[in-house]
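Everything on this sheet refers to the single structure shown next.
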Amino acid sequence: MSLSAPPSETGDHRLVLIGAPASGKGSQAKRLAKKLGIRHLSTGAVIRDHMRRKTELGERCRDTMNEARLVPDEIVMEVVASEIGNHHGGYVLDGFPRTLQQAEMLDDWLDQRVSALTAVISLEVPKEDLEQRVLSRVVCLDCGYPFRLGERVTSVDQACPECGGQLGQRADDNIGMFHQRYGEFEAVTVPVIDYYRRQGLLQTVDGGQLPDEVFTEIENLLDLQPSRS
Ligand SMILES: [Zn+2]
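Quick look at the structure:
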């Protein structure tokens with residue numbers, strides 16, 4: 497028996513999903529994790545949870561956040577290591593690595609564990625389409641159900657079709673915030689995409705399609721059995 501980290505089982509998926517704000521990567525990551533029975537790790541959600549519970553890590557994140565409310569790369573890497581370090585199955589990382597430094601830290605960490613990513617999937621959506629999604633996004637303030645204007649609801653003044661509650665637009669959905677986050681994505685995350693392209697790990701998916709079509713394309717590139725015929 498080896499004392500080093502056990503090699504992963506055949507067919508284990510160790511994935512990274514990358515996409516711009518509003519690209520739909522969060523919901524695709526969740527769906528993919530469910531289909532493969534692997535861990536979905538959204539670093540943003542984990543960090544927010546630590547901060548809410550005021551854990552030692554959460555307090556450290558809060559203390560070291562910069563003006564853009566970003567947690568330093570070292571601490572984000574620590575969060576990832578603590579979440580998947582003792583986890584022997586596959587995983588899909590969502591929201592990480594978002595900087596080139598994080599990508600390099602992840603590689604070093606994986607090297608030490610004699611492990612490697614199996615694929616990096618980039619959801620590509622034109623900026624104008626993302627903008628349109630942000631503008632048309634509506635959420636129920638009571639039950640949290642997300643809608644898009646023009647689908648089941650046509651106005652934010654309507655009652656929620658799910659629970660009859662009041663609809664509203666998410667505070668972080670305003671277009672100014674979108675432009676700021678998109679600018680950050682171009683500046684810090686696009687180099688991460690190039691980094692993985694040079695490693696030969698990158699797979700690109702047309703994220704402008706309907707969610708089901710995007711998912712089917714992901715299934716195909718990972719050689720998975722289709723969910724629907
Ligand atoms: Zn509702």
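Using our numbering, the first residue of the sequence shown is number 497, and each one after it goes up by one.
Just so you know, even glycine gets a beta-carbon here, dropped at the ideal spot from N, CA and C.
What you are looking at is a predicted structure, and each value in this text was computed from that prediction instead of being measured.
May I ask you to check if the CB of residue i is nearer than 7 Å to at least one heavy atom of ligand 1?
{"i": "Gly661", "result": "yes"}
{"i": "Cys557", "result": "no"}
{"i": "Asp438", "result": "Since the first residue of the chain shown is 497 and the last is 725, residue 438 is not available in this structure."}
{"i": "Arg647", "result": "Reading off the sequence, residue 647 comes out as Glu, not Arg. No, the Cβ of Glu647 stays beyond 7 Å of every heavy atom of ligand 1."}
{"i": "Glu658", "result": "yes"}
{"i": "Asp638", "result": "yes"}
{"i": "Tyr641", "result": "yes"}
Assuming residue i and residue j are in contact, meaning their beta carbons sit under 8 Å apart, how far apart are those beta carbons, in whole angstroms?
{"i": "Leu720", "j": "Lys531", "result": "7 Å"}
{"i": "Tyr587", "j": "Ile534", "result": "5 Å"}
{"i": "Lys622", "j": "Arg633", "result": "Before going further, note that residue 622 is Pro rather than Lys in the sequence given. Incorrect: roughly 17 Å between the Cβ atoms, too far for contact."}
{"i": "Tyr691", "j": "Ala599", "result": "5 Å"}
{"i": "Glu620", "j": "Gly703", "result": "6 Å"}
Based on DSSP bridge pairs, tell me the residues matched to residue i.
{"i": "Cys636", "result": "Leu663"}
{"i": "Thr700", "result": "Ser618"}
{"i": "Phe592", "result": "In the DSSP output, where bridge partners are listed per residue, Phe592 has none listed."}
{"i": "Val649", "result": "Leu645"}
{"i": "Arg535", "result": "Tyr587"}
{"i": "Ala577", "result": "Ala577 is not bridged to any residue."}
Start and end of the beta strand (DSSP E) containing residue i?
{"i": "Ile617", "result": "Ala615 to Glu620"}
{"i": "Leu553", "result": "Element bounds for Leu553: not the beta strand (DSSP E) but the alpha helix (DSSP H), Glu552 to Thr560."}
{"i": "Gly515", "result": "Arg510 to Gly515"}
Taking the straight line between their C-alpha atoms, what separation do you get for residue i and residue j?
{"i": "Val542", "j": "Val572", "result": "10 Å"}
{"i": "Ile580", "j": "Arg666", "result": "31 Å"}
{"i": "Phe681", "j": "Ala518", "result": "11 Å"}
{"i": "Asn716", "j": "Gln699", "result": "11 Å"}
{"i": "Thr685", "j": "Glu658", "result": "36 Å"}
{"i": "Ser578", "j": "Val649", "result": "42 Å"}
{"i": "Pro722", "j": "Thr712", "result": "7 Å"}
{"i": "Leu537", "j": "Gly522", "result": "10 Å"}
{"i": "Ile689", "j": "Gly660", "result": "42 Å"}
{"i": "Met547", "j": "Val576", "result": "15 Å"}
{"i": "Leu606", "j": "Leu589", "result": "13 Å"}
{"i": "Glu574", "j": "Ala612", "result": "17 Å"}
{"i": "Arg629", "j": "Arg644", "result": "8 Å"}
{"i": "Arg693", "j": "Ile617", "result": "10 Å"}
{"i": "Gly520", "j": "Pro707", "result": "8 Å"}
{"i": "Tyr678", "j": "Leu566", "result": "15 Å"}
{"i": "Gly646", "j": "Met601", "result": "43 Å"}
{"i": "Thr539", "j": "Leu596", "result": "16 Å"}
{"i": "Ser500", "j": "Asp625", "result": "Summary for Ser500: the model assigns pLDDT 42, below 50, so the residue's position carries little reliability; its value from the coordinates is reported in the next sentence. Using only the alpha carbons, I get a separation of about 47 Å."}
{"i": "Arg510", "j": "Phe592", "result": "13 Å"}
Span of the alpha helix (DSSP H) holding residue i?
{"i": "Phe711", "result": "Pro707 to Leu717"}
{"i": "His675", "result": "Ile671 to Glu680"}
{"i": "Glu658", "result": "Glu658 -> no alpha helix (DSSP H), and no H or E assigned at all."}
{"i": "Arg565", "result": "Arg565 -> no alpha helix (DSSP H), and no H or E assigned at all."}
{"i": "Leu631", "result": "Lys623 to Leu631"}
{"i": "Arg609", "result": "Segment: none, Arg609 is in no alpha helix (DSSP H) and carries neither H nor E."}
{"i": "Pro687", "result": "Val686 to Arg694"}
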